[in-house]
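Report on the structure given below.
What follows is the structure, encoded as structure tokens:
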């Protein structure tokens, strides 16, 4: 398996969630239809995804969870520790920091940054807030893998440039602004406002259909 | 224009953001390449999207912003007031409430709900927290269009069922759990943890390529 498509990685991560639940409930097998339901896809899609692995399941019992876990988790590195930096401690940034309190131990925000001196060199919800000028040195010292951008739209590109310069290869961008990065950096765009506006548009359409 | 695809609605909403900025800066025209950059698509895609509208632009000057705004906003109802209900006032719910403070006036969380008596009948960040049993009556009284789900995964389906029963036709689901709804309800799934895990996976791949 050379290059795994983005959507498949998402599905594998979702399957693993369920498999981990089964394991902690001391269940030994999982059916493809259960995995399908968890990921919101068809059972055919699940079986197609799992053909890439060497997990022996049966139609009667399903897939053995231990083997499923070791193979799929091994592939997507689900036990990898991700050390996150967040840039931009406004309402959105604070919201994300708050959300990550008590998160799963594999995902940890280890540093937050802002350009406003009033906000820096302080502790917020247990997070240390650094000045943005310290990004490169802290990223290196703290071994940060992924950056989260929560600055206003107009500062998003500049922030992305700084993260790239600090050697970070993965960015989750919550700013409502497309960012440009080199081809060896992965960007995931999450635009909450756009998602809600889109939902409102389709909700309105649905209502008018009545 | 009968049925507009989801991705096109997203692009039109992004174009409108830029057009509104131009208008407030007293600029009169916008180029397709500027719209393309804002939405992270090609200029060809922009021109294809705009063929559906009757906006007269020229290669020299671009599209007139006033006409662009009135036609495209008219179509996606960008001035529509969206009245949101949020269900689940844990860390994630609080994070979303915090994020929506000082949001654009067209998007407003008008009520928040929780099943925990300890949290209800209180004000949090200016939002009234109701008990979930009041959902149907408050949704009707407050004319709520869109529901936001921020409950734990295991309560997501039950919450979706309640929103549907209350007549809400659009749901933004932040719970890491696929939900089933009738075909006349639109669901947008935002899984922040999954997005970060996926980004971490690809960041790792990129790093290994060096």
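Residue numbers (our numbering), protein chains in the order written: chain D, 183 to 392; chain G, 183 to 392. C-beta: ideal position from N, C-alpha, C; glycine also. Treat the numbers as computed from the prediction; the structure is a model and nothing was measured.
Other residues of its chain near residue i: CB distance less than 8 Å, five sequence neighbours each side excluded
{"i": "residue 183 of chain G", "result": "Per-residue confidence for residue 183 of chain G stands at a pLDDT of 48, beneath the threshold of 50, marking its modelled position as unreliable; the derived number appears in the next sentence. 234, 257."}
{"i": "residue 231 of chain G", "result": "190, 193, 194, 197"}
{"i": "residue 294 of chain G", "result": "267, 268, 269, 271, 275, 279, 306, 309, 310, 311, 312"}
{"i": "residue 223 of chain G", "result": "193"}
{"i": "residue 299 of chain D", "result": "313"}
Own chain partners of residue i with C-beta closer than 7 Å, once the 5 adjacent residues on each side are dropped
{"i": "residue 369 of chain D", "result": "353, 355, 361, 363"}
{"i": "residue 304 of chain D", "result": "311"}
{"i": "residue 250 of chain G", "result": "201, 212, 237"}
Residue i in three-state terms, based on DSSP
{"i": "residue 247 of chain D", "result": "helix"}
{"i": "residue 231 of chain D", "result": "helix"}
{"i": "residue 264 of chain D", "result": "strand"}
{"i": "residue 384 of chain G", "result": "helix"}
{"i": "residue 223 of chain D", "result": "coil"}
{"i": "residue 379 of chain D", "result": "helix"}
{"i": "residue 191 of chain G", "result": "helix"}
{"i": "residue 216 of chain D", "result": "helix"}
{"i": "residue 289 of chain G", "result": "strand"}
{"i": "residue 305 of chain D", "result": "strand"}
{"i": "residue 242 of chain D", "result": "coil"}
{"i": "residue 203 of chain G", "result": "helix"}
{"i": "residue 310 of chain D", "result": "strand"}
{"i": "residue 300 of chain D", "result": "coil"}
{"i": "residue 253 of chain G", "result": "helix"}
{"i": "residue 258 of chain G", "result": "helix"}
{"i": "residue 183 of chain D", "result": "The predicted model places residue 183 of chain D with a pLDDT of 49, which falls under 50 and marks its position as unreliable, so this point remains unresolved."}
Chain G contact residues for residue i, given Cβ-Cβ distances below 8 Å
{"i": "residue 377 of chain D", "result": "354, 370, 372"}
{"i": "residue 388 of chain D", "result": "351, 352, 366, 367, 368"}
{"i": "residue 219 of chain D", "result": "360"}
{"i": "residue 399 of chain D", "result": "Outside the displayed range of chain D (183 to 392) lies residue 399 of chain D, so it cannot be described from this structure."}
Within chain D, the residues that residue i reaches when beta carbons sit closer than 9 Å
{"i": "residue 196 of chain G", "result": "358, 360, 373, 376"}
{"i": "residue 248 of chain G", "result": "Residues of chain D passing the Cβ test: none, with the nearest at roughly 21 Å."}
Contact under 8 Å by Cβ, residue i with residue j
{"i": "residue 358 of chain G", "j": "residue 199 of chain D", "result": "yes"}
{"i": "residue 380 of chain G", "j": "residue 268 of chain D", "result": "no"}
{"i": "residue 273 of chain D", "j": "residue 284 of chain G", "result": "yes"}
{"i": "residue 321 of chain D", "j": "residue 275 of chain D", "result": "no"}
{"i": "residue 347 of chain G", "j": "residue 385 of chain G", "result": "no"}
{"i": "residue 332 of chain D", "j": "residue 289 of chain G", "result": "no"}
{"i": "residue 377 of chain G", "j": "residue 372 of chain D", "result": "yes"}
{"i": "residue 247 of chain D", "j": "residue 204 of chain D", "result": "yes"}
{"i": "residue 382 of chain G", "j": "residue 328 of chain D", "result": "yes"}
{"i": "residue 366 of chain G", "j": "residue 388 of chain D", "result": "yes"}
Residues near residue i by beta carbon distance below 6 Å, same chain, minus five either side
{"i": "residue 215 of chain G", "result": "225"}
{"i": "residue 245 of chain G", "result": "212, 237, 239"}
{"i": "residue 260 of chain G", "result": "198"}
{"i": "residue 220 of chain D", "result": "196, 200"}
Under 7 Å from the C-beta of residue i: neighbouring residues of chain G
{"i": "residue 222 of chain D", "result": "360"}
{"i": "residue 259 of chain D", "result": "383, 386"}
Listed by chain order, chain D residues near residue i by CB distance under 8 Å
{"i": "residue 188 of chain G", "result": "380, 384"}
{"i": "residue 302 of chain G", "result": "Neighbours of residue 302 of chain G on chain D: none; closest Cβ ~20 Å, over 8 Å."}
{"i": "residue 284 of chain G", "result": "273"}
{"i": "residue 323 of chain G", "result": "Under the 8 Å cutoff, chain D gives no residues; its nearest Cβ is about 17 Å from residue 323 of chain G."}
Proximal chain D residues relative to residue i, where beta-carbon distance stays under 7 Å
{"i": "residue 290 of chain G", "result": "What residue 290 of chain G touches in chain D: nothing, since even the nearest Cβ is about 11 Å away."}
{"i": "residue 281 of chain G", "result": "273, 274, 277, 374"}
{"i": "residue 262 of chain G", "result": "382, 386"}
{"i": "residue 207 of chain G", "result": "By Cβ distance, chain D contributes nothing, its closest Cβ being about 12 Å from residue 207 of chain G, past 7 Å."}
{"i": "residue 328 of chain G", "result": "378, 381, 382, 385"}
Exercise. Residue ranges of each beta strand (DSSP E) run of no fewer than 3 residues wholly in the segment 316 to 357 of chain D, ordered along the chain?
Worked result: The segment 316 to 357 of chain D contains these whole beta strand (DSSP E) runs: 328 to 331, 352 to 355.
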